[in-house]
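Enquirer: Residue numbers (the working numbering): 18 to 145.
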């Protein structure tokens, strides 16, 4: 059993059925894994689907079934703000949504599954 926080990049590849998405599928479809998705990540995915003129409801439902949603409550938001400031000092275009992924990972002691190069310097990341 492993624990993962799934980033929007990974979910989008998964839903698109790409080669990278197949790698994601081996992790998200393994019932022995425990998966987390931050609520902000869910917003990113819904936005992406709408911008692609696709119905986001199937993706949203799948995320809720396959992973635990980590709410962006005050504690998570405070941690994300701190992590964002730290990462921005190293990576000028590090996004706030990415900081929520980091916060979820820290809160639940997970690896991060992503293809986002902003995460490549971190030790607990699996780049697809």
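Note that the Cβ used here is the ideal one computed from N, Cα and C, for glycine as well. No experiment lies behind these values; they were computed from the predicted model shown.
Relative to the C-alpha of residue 56, which residue among 89, 94, 48 is closest?
Expert: As a first step, residue 56 is located in the chain shown; it is residue number 39 there, counting from the start. Residue 56 has its Cα closest to that of 89, out of 89, 94, 48.
Enquirer: Within the continuous alpha helix (DSSP H) that includes residue 75, where are the two ends?
Expert: For the purposes of this step, residue 75 is taken as the residue at position 58 of the chain shown. Per DSSP, residue 75 belongs to the alpha helix (DSSP H) from 74-83.
Enquirer: Run the CB neighbour count on residue 34, radius 10 Å, all protein chains shown included, and call it buried at 16 or more, exposed below.
Expert: Reading the chain shown from its first residue, position 17 is the one you call residue 34. With fewer than 16 other Cβ atoms within 10 Å, it is exposed.
Enquirer: Write down every uninterrupted run of the alpha helix (DSSP H) in the stretch 107-135 whose length is 4 residues or greater and which is fully enclosed by it, in chain order.
Expert: List check, alpha helix (DSSP H) in window: 113-125.
Enquirer: Residue 110 and residue 24 - do their beta-carbons sit closer together than 8 Å?
Expert: As a first step, residue 24 is located in the chain shown; it is residue number 7 there, counting from the start. As a first step, residue 110 is located in the chain shown; it is residue number 93 there, counting from the start. Taking 8 Å as the Cβ cut-off, residue 24 and residue 110 do not qualify as a contacting pair.
Enquirer: Quick test of your reading: residue 130 and residue 41, contact by CB under 8 Å. State the CB separation rounded to the nearest angstrom.
Expert: Position 113 of the chain shown holds residue 130. Position 24 of the chain shown holds residue 41. Right, the Cβ-Cβ distance comes to about 6 Å (below 8 Å), so this counts as a contact.
Enquirer: Given a cut-off of 8 Å, decide if residue 53 and residue 85 are closer than it, judged by their beta-carbon atoms.
Expert: Reading the chain shown from its first residue, position 68 is the one you call residue 85. Reading the chain shown from its first residue, position 36 is the one you call residue 53. Yes.
Enquirer: Note down the Cα distance separating residue 76 from residue 32, rounded to an integer number of angstroms.
Expert: Taking the first residue of the chain shown as position 1, residue 76 is located at position 59. Taking the first residue of the chain shown as position 1, residue 32 is located at position 15. So the alpha carbons of these two residues sit roughly 7 Å apart.
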